[in-house]
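Under full-length UniProt numbering, think of the first position of the sequence shown as 1, with each following residue one higher. Data block below; observations after.
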Amino acid sequence: MSRNVEHLLHLEPQEKVPTGVEGFELVTMGGLPKGRPTLLCGSSGSGKTLLSMEVAYRSAAVYDRTALLFTMEEPATEIVRNIKRMGWDTDPLVRSGKLIIIDLSPVPVPVQEAGSYDLEGLIAQVRHIVQDSGAETVVIDSVGSLFQQFADASTVRRELFRLIHVLRELQVTSIITAERLSEYGPISRYGVEEFVSDNIIVLRNVLRAEKVRRTIQVVKMRGDAHHTGEFPFTISRGGISILPLSARELTQPSSSKRVSIGNDRLDEMLGGGLFRDALAIVSGPTGAGKTLLAGIFAADGCSKGERVLMLAYEESRAQLLRNAQSWGMDFEKWESWDLLRVVCQYPEAMGLEDHLLMIQREIEAFKPTRLVIDSLSALERIGAVRYFREFVIGLTSYARQNELCTLFTSATPRLSGGDSITEAHISTITDAIILLRYVEIGADLRRGISVIKMRGSQHAKSIHEFAIDNRGMRIGEPFANVHNIILGMPRPGATPAFEGKQLAEVIEDWHDEHEWFEKAHKGGGDD
């Protein structure tokens, strides 16, 4: 067998090394390709330097791999300050030689291009330091600073190829950052960097409707599998958090245990209560009793010794506690017993990704068994429909993963009902839908409640009248001889469309149509 063929035998697939960046391993299906360079591109402010710094820091701090950080734009002193602002303790790593920062930032003097230009000096320095330190991770930030004063693209391509070849030869896992001029234009500034790179990751910083949204996309990972598409990420103290919403898998466990919603009559309508890991949505117009029902659900959990996390987006904490007290629910007592945590947040205070990350952090810290969000529809107005859909998917997936019994409220735009964006994008992934409606009969305005969906269980099909008083919610008997409560404006007596049918039959027909629509459109829909 020839020597040229023999060295190709018994080769193993390329291994990936974890980075420790939250969500990065899920998006890349394992991390960065071991011993290979990765080009990290992004416009100004997209997070290139921070992501590359975090990879270097966590490589040393978490995985005990020596990391080299070559900074070619910012002085090393600024790099260290930026790292410490994130709460990362670099001093022990720098002292021990686990994290080595090499300052190659330019001196502000005029440069005149004359003759040929190469990176021989830099390449020799990289080779020497890597071999001397035994580094396994190398970050070069940014390669653009080497070429910005030189116009010859062929020179850029040749020298960048030499640099990448040396990094590959040294078998170090490396990141080279490069600048982009636009979010959806050419991948790199000079248009040649991507052609000599095995792996390309793009960061974007998009401003839409006065909201900034950062995303990460794995464009190429030669010889390795990875998730495609853009994934949102957020930057906070502690580092970067990638939210791989569409990469989540439906592998969550399912429970057949029932829990009470807090009202015996409504439990009967639900067929025995909610399942332990159920996602339920309460939908209705303003003032119909959505927040009351959410409070009843939270109070039932606390009274049984369960921890409940309640997030309010429409009322202040003082208003929420006052209203609960008027219904006989002592939220302050349960807070003092560490059974209830109430978080009130103005929706516009942050973006959808930041809200999702905040909710996840609260769940991780408090470890509740029940989650209440009042109201989910308040978050609709702070992002595009597509982004809101991704937020809902991420939130519900995380709730299921943690086996939380979750209750959302959603406001409909009209007093007589009507769909909201929330209902359109969450109804197919919820286990239970409870509708609250106003019913006008004669000169009286009454309230009606109906369960139109209870996945995995039989439930009542009739629309019950209910009242709100100082004892909370009292559910009475079904309405008689009133039609179109759910489908339109309610009116007494028979109508030509429903001649000869009882109200229960009408609701049964509507319920069947709703389930058929869900099955036909599950997972679909346009922006």
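For every residue, glycine included, the Cβ atom is placed at its ideal position computed from N, Cα and C.
Exclusion of the five residues before and after V62 leaves G20 as the residues of its chain whose Cβ lies within less than 8 angstroms of its Cβ. Judged by beta-carbon spacing, D277 lies within the 7 angstroms limit of E403, meaning their Cβ atoms are closer than that value. Bridge partners of M473 according to DSSP: I468. For A56 against K98, the beta-carbon gap comes to about 10 angstroms, at or over 8 angstroms, which does not count as contact. Membership of P232 in the beta strand (DSSP E) is indicated by the continuous run E230 to S236. Closest in C-alpha terms to F479, from the list L40, G472 and H464, comes H464. Around the CB of R180, 16 or more other CB atoms lie within 10 Å, so the residue is classed as buried. For G121, the enclosing alpha helix (DSSP H) begins and ends at E120 to S133. Contact between the stretch 65-74 and the stretch 29-43 is not established, with fewer than three Cβ pairs separated by less than 8 angstroms.
Short of 6 angstroms from the beta carbon of L279, and not among the five residues preceding or following it, lie these beta carbons of its own chain, in chain order: T396, T406, T430 and D431. Two segments are said to touch when three or more pairs of C-beta atoms, one from each, lie closer than 8 angstroms; by this definition the stretch 302-321 touches the stretch 329-344. In this structure, A135 lies away from I101, with their beta-carbon atoms at least 7 angstroms apart.
Under DSSP, P478 takes part in a beta bridge, and its partners are H464. Looking at the DSSP output, G42 bridges to E179 and L203.
The three-state reading of DSSP puts T396 in helix, counting H, G and I together. Taking all protein chains shown into account, S450 has 16 or more neighbouring C-beta atoms within 10 Å of its C-beta and is therefore buried. The alpha-carbon separation between T177 and A378 amounts to approximately 38 angstroms.
DSSP places Y57 inside the alpha helix (DSSP H), whose first and last residues are K48 to A61. With respect to the 7 angstroms criterion, Q458 and Y398 are not classified as neighbours on the basis of their beta carbons. Counting along the chain, the unbroken beta strand (DSSP E) around A280 starts and ends at L279 to G284.
The continuous alpha helix (DSSP H) containing E364 extends over residues L352 to F366. Counting along the chain, V94 sits inside the alpha helix (DSSP H) bounded by residues D91 to S96. C-alpha of L170 to C-alpha of R162: approximately 12 angstroms in a straight line. When the beta-carbon positions are compared, A294 and T409 come within less than 7 angstroms of each other. Bridge pairing for M221: N199 [DSSP].
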